[in-house]
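The structure appears below as structure tokens.
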Amino acid sequence: MTDFTYDLDADGVAVITWDTPGRSMNVMSMAGFAELERLIDRALGDGAVKGVVLTSGKKDFAGGMDLNVLAQMQAGGTQAVFDGIMETHRFLRKIERAGMDPKTLKGGKPVVCAMPGTGLGIGFEIPLACHRIIAADNPKAKIGLPEILVGIFPGAGGTTRLIRKMGVMLAAPFLMEGKLLSPRLAKAEGLIDEVVPADQLLARAKEWVLTAKEADLVKPWDQKGYKLPGGAPYHPAGFQTFVGANAMILGKTQGCYPAAQALLQAAYEGTMVPFDTALRVEARAFTGVLMDPTSSAMIRSLFINKEALEKGARRPDLPDESVKVLGVIGAGMMGAGIAYVAANAGISVVLIDATQEAAEKGRAHAEALLEKGVQRRKVTPEKKAEVLARITATTDYAALAPCDLVVEAVFEDPSVKAEVTAKVEAATGAILATNTSTLPISGLAKASQRPGSYIGIHFFSPVDKMALVEIIRGKQTEDRAVAKALDFVRALRKTPIVVNDARFFYANRCIIPYINEGLRMVAEGVPPALIENAAKLLGMPLGPLQLVDETSIDLGVKIATATRAAMGDTYPDTAVDQVLFPMAEQGRLGRKAKAGFYAYDEAGKRLDLWEGLSDLWPVTQTPDLTTVQDRLLMIQALEAVRALDAGVLTDIREGDVGAILGWGFAPWSGGPFSWLDRIGAGQAVAICDGLAELGPRFSAPQSLRDMAASSAAFYPRPDVHPRAA
Ligand code: NAD
Numbered sequence: 035m036t037d038f039t040y041d042l043d044a045d046g047v048a049v050i051t052w053d054t055p056g057r058s059m060n061v062m063s064m065a066g067f068a069e070l071e072r073l074i075d076r077a078l079g080d081g082a083v084k085g086v087v088l089t090s091g092k093k094d095f096a097g098g099m100d101l102n103v104l105a106q107m108q109a110g111g112t113q114a115v116f117d118g119i120m121e122t123h124r125f126l127r128k129i130e131r132a133g134m135d136p137k138t139l140k141g142g143k144p145v146v147c148a149m150p151g152t153g154l155g156i157g158f159e160i161p162l163a164c165h166r167i168i169a170a171d172n173p174k175a176k177i178g179l180p181e182i183l184v185g186i187f188p189g190a191g192g193t194t195r196l197i198r199k200m201g202v203m204l205a206a207p208f209l210m211e212g213k214l215l216s217p218r219l220a221k222a223e224g225l226i227d228e229v230v231p232a233d234q235l236l237a238r239a240k241e242w243v244l245t246a247k248e249a250d251l252v253k254p255w256d257q258k259g260y261k262l263p264g265g266a267p268y269h270p271a272g273f274q275t276f277v278g279a280n281a282m283i284l285g286k287t288q289g290c291y292p293a294a295q296a297l298l299q300a301a302y303e304g305t306m307v308p309f310d311t312a313l314r315v316e317a318r319a320f321t322g323v324l325m326d327p328t329s330s331a332m333i334r335s336l337f338i339n340k341e342a343l344e345k346g347a348r349r350p351d352l353p354d355e356s357v358k359v360l361g362v363i364g365a366g367m368m369g370a371g372i373a374y375v376a377a378n379a380g381i382s383v384v385l386i387d388a389t390q391e392a393a394e395k396g397r398a399h400a401e402a403l404l405e406k407g408v409q410r411r412k413v414t415p416e417k418k419a420e421v422l423a424r425i426t427a428t429t430d431y432a433a434l435a436p437c438d439l440v441v442e443a444v445f446e447d448p449s450v451k452a453e454v455t456a457k458v459e460a461a462t463g464a465i466l467a468t469n470t471s472t473l474p475i476s477g478l479a480k481a482s483q484r485p486g487s488y489i490g491i492h493f494f495s496p497v498d499k500m501a502l503v504e505i506i507r508g509k510q511t512e513d514r515a516v517a518k519a520l521d522f523v524r525a526l527r528k529t530p531i532v533v534n535d536a537r538f539f540y541a542n543r544c545i546i547p548y549i550n551e552g553l554r555m556v557a558e559g560v561p562p563a564l565i566e567n568a569a570k571l572l573g574m575p576l577g578p579l580q581l582v583d584e585t586s587i588d589l590g591v592k593i594a595t596a597t598r599a600a601m602g603d604t605y606p607d608t609a610v611d612q613v614l615f616p617m618a619e620q621g622r623l624g625r626k627a628k629a630g631f632y633a634y635d636e637a638g639k640r641l642d643l644w645e646g647l648s649d650l651w652p653v654t655q656t657p658d659l660t661t662v663q664d665r666l667l668m669i670q671a672l673e674a675v676r677a678l679d680a681g682v683l684t685d686i687r688e689g690d691v692g693a694i695l696g697w698g699f700a701p702w703s704g705g706p707f708s709w710l711d712r713i714g715a716g717q718a719v720a721i722c723d724g725l726a727e728l729g730p731r732f733s734a735p736q737s738l739r740d741m742a743a744s745s746a747a748f749y750p751r752p753d754v755h756p757r758a759a
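The numbering used here applies: residue 35 is where the sequence shown begins, and numbers increase by one.
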């Protein structure tokens, strides 16, 4: 099996076509690099070849490096990683020099990259080493370098080449934020050279090869007198760029992401040395990042395991259950969002609410989102009409007859849900899912005549933005319902986790203690700014007080009231309520009321922490930062372990991926289980013991103590015993 084919045409143009067997998208492997190099050598060494077109046999160019390969490289150790990267540099530099004399810069053969569609990561770093990049006018294609999003940075020359091509300032959004562009925009911003109609791609690439002059093959940085666009670091303009970029990166990452800092270091040092030295600098910085536990944890959770879950790692082995017609009951915030994402994925939707007006309002929500897309030129007016036409808004349950899945998103009230369950089951034999965020599924299933076909599909708000969907198996839920839910989530291109039934399931079970720990500290007289900043410095996207403002304080009161009613005397959160309830009584309900733990302006923009907090809860102590951070992170991680111990979670991969996508658990850590592995169970237990006087919520579970005693870890590692697969 080969990844590349070689074809020499009558005009002397060698066409090398990338077509990774058995995959819908080309990905680069070590063997792939070796094969490509053999073909490039063949073309450069053959006198009959005038030049090379590198293209793809698939609709896209390439999705990037196979990150499993990076994971293997990491296992080989630092020197092996560095040597491997330098090999890649040597090879891409060979393409760039294409046989030319290094002194006269003459005698090279043109190499053009013809991209039919998406080119990401190494799938754009290889084109950057070619002499010209021509892309098909494919509006669905995305071009760029998204490495930073999985905790690494472009390390196959992409950093060095893009900076030398565009300057630090213009390259920054692509390198530091992983910004991707369509071919047309990529051309407009100078990432690629040409965009042509798809059916002319190959012909145009060949034409360029046959007409290119020797000067066209010499990259600006190989020319005499080359100056970095926008100025090098000791140029007045360049100096300002680096000062700004440094501040921006630290502001955005809070120092939690080594990749961002290493990228900046490679950029800064690389711009002051010759090109080939800059590649060495890039390789060194990249090696450092690849050997940092942050990148391996992020790659494992955010790429390898996330993809495995999306591809059905937890799916029962049953025939396809793709959803054809979806019913949604309740066209409020969640129901309307679910209808929109389903219609967008090509599924017909029957959207029901108690009144026609409410149902129409839900459909209008989809229309508004689509219109926003039209305004931003991301959606065509035709596509908008097509998607909207898939949503039927009605009050008539008979319209549910053709549905194979119905999701209810009515009020969070068991009696309303029971009434709706009966009506749905009378109208259709579809699998019925509830979007409840707190109520145990097995309890709600009591209202069902077919509890085997009853399941939880918990979307997060806002539905169109949040990638995670929690699928909850009730006690009687059958495998077919799980398969249906997973196939539905797959069609929506979201990431599923499958958990067992318990109050709050997994995500809310862990996020509520995080919020509560923040509120407890307010009650204890800890400065609110310390609480919020400690969370931010941990890489949490929102501090606990901001988070409760966003989700609304009255929702917190509602959940607390219901939990107290369910738990009676064993209710553990009275201290939390002493903060939550007074805020609600004062009408400080959070962002939606423009008043909460934070102050807001008239337009709803968040300002500083509310000054009145210190009157209600005067500051009486200032614990050190680490203690506050230990409390905030450990309380979440412990709850994740308890969810695993209780069998709510059955797979630590889901625990980690779900934590990052569901509530933003410090992504640099790879998730709570990865974080516990990183510090080690022994250290985790020591932290818990140090916090034990705060209450039993910090007592380390026996399972963690056992792991500490036997030096075990959650994930398999060569030197420790795995606790779970
Ligand atoms: P919402 O109040 O915005 O919408 C509920 C909708 O259900 C309303 O349009 C209402 O008219 C309709 N409805 C009520 N009773 C009905 C009935 N008998 N028949 C038909 N329609 C009826 O609420 P929401 O925020 O969209 O929440 C809906 C569900 O999703 C709840 O179970 C909630 O717990 C859950 N949920 C909410 C969030 C969130 O952040 N809001 C997140 C995840 C899950």
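For each residue, glycine too, the CB sits at the ideal point set by N, CA and C.
As DSSP reads the structure, Cys147 sits in a beta bridge with Leu88 and Ile167.
Judged by their CB atoms, Ala393 and Ala435 are not nearer to each other than the 9 Å cut-off. In the three-state DSSP reduction, Asn542 falls in the helix class (H, G or I). With respect to the 9 Å criterion, Leu439 and Val357 are classified as neighbours on the basis of their beta carbons.
The beta carbon of Asn339 sits closer than 6 Å to the beta carbons of Arg687 and Val691 from its chain, once the five residues preceding and following it are set aside; these are given in chain order. Under the DSSP definition of a beta bridge, Thr529 partners with Leu502.
Under the Cβ criterion (8 Å, minimum of three pairs), the segment 164 to 174 does not count as touching the segment 189 to 209.
In the DSSP annotation of this structure, the continuous segment of the alpha helix (DSSP H) that includes Gly110 starts and ends at Leu101 to Gly110. If the five residues before and after Pro547 are omitted, its C-beta is found closer than 6 Å to the C-beta atoms of Ile669 and Glu673, all from its own chain and listed in chain order. 9 Å or more divides the Cβ of Leu101 from the Cβ of Val47. Per DSSP, the unbroken alpha helix (DSSP H) holding His399 starts and ends at Gln390 to Gln409. Residue state for Val413 is assigned as coil, using DSSP reduced to three classes. In this structure, the straight-line span from the alpha carbon of Ala746 to that of Gln612 is close to 40 Å.
Under the DSSP assignment, Arg598 falls outside any beta strand (DSSP E), being part of the alpha helix (DSSP H) whose first and last residues are Ile587 to Met601.
Rounded to whole angstroms, the separation of the alpha carbons of Val719 and Ile713 is 10 Å.
In the structure shown, Leu179 adopts coil according to DSSP, grouped into three states. Taking a cut-off of 8 Å on C-beta distances, the segment 651 to 670 touches the segment 565 to 578, as three or more cross pairs fall below it.
Measuring C-alpha to C-alpha distances from Ile587 to each of Pro616, Arg334, Leu235 and Thr36 identifies Pro616 as the nearest.
In this structure, His492 has its beta carbon less than 8 Å from a heavy atom of the ligand NAD. Residue burial annotation: Gln483 is exposed, with fewer than 16 other C-beta atoms found within 10 angstroms of its C-beta. Contact between Phe187 and Leu297 holds: their C-beta atoms lie close to 4 Å from each other, under 8 Å. Here Ala481 is actually not in contact with Val441; their C-beta atoms are around 16 Å apart, not less than 8 Å. Counting the other CB atoms within 10 Å of its CB gives Lys345 a total below 16, which places it among the exposed residues. In the three-state reduction of the DSSP assignment, Trp709 falls in the helix class. Contact check for Leu324 against Met149 fails: the beta carbons are separated by 9 Å or more. Close CB contacts of Met210 within its chain, under the 7 Å cut and outside five residues either way in sequence, are with Ile182, Ile283, Ala294 and Leu297 (chain order). The distance from the Cβ of Gly486 to that of Ala461 is about 18 Å, inconsistent with a contact at the 8 Å cut-off. Taken in chain order, the whole beta strand (DSSP E) runs of length 3 or more contained in the segment 612 to 677 are 632 to 634 and 640 to 643. Distance check between Trp697 and each of Ala379, Lys499, Gly602 and Arg554 places Lys499 closest, using alpha-carbon atoms only. Contact between Asp535 and Ser476 holds, since their C-beta atoms are separated by about 5 Å, short of 8 Å.
Distances taken from the Cβ of Phe276 to the heavy atoms of the ligand NAD include none shorter than 8 Å. Comparing alpha-carbon positions, the option among Phe539, Pro496, Phe493 and Gly151 lying closest to Arg507 turns out to be Phe539.
Spanning the alpha carbons of Glu223 and Asn172 requires a straight line of approximately 16 Å. A distance below 9 Å separates the beta carbons of Ala541 and Ala693. Asp387 has its CB nearer than 8 Å to a heavy atom of the ligand NAD. Per DSSP, reduced to three states, the secondary structure at Ala700 is coil, with no helix or strand assignment.
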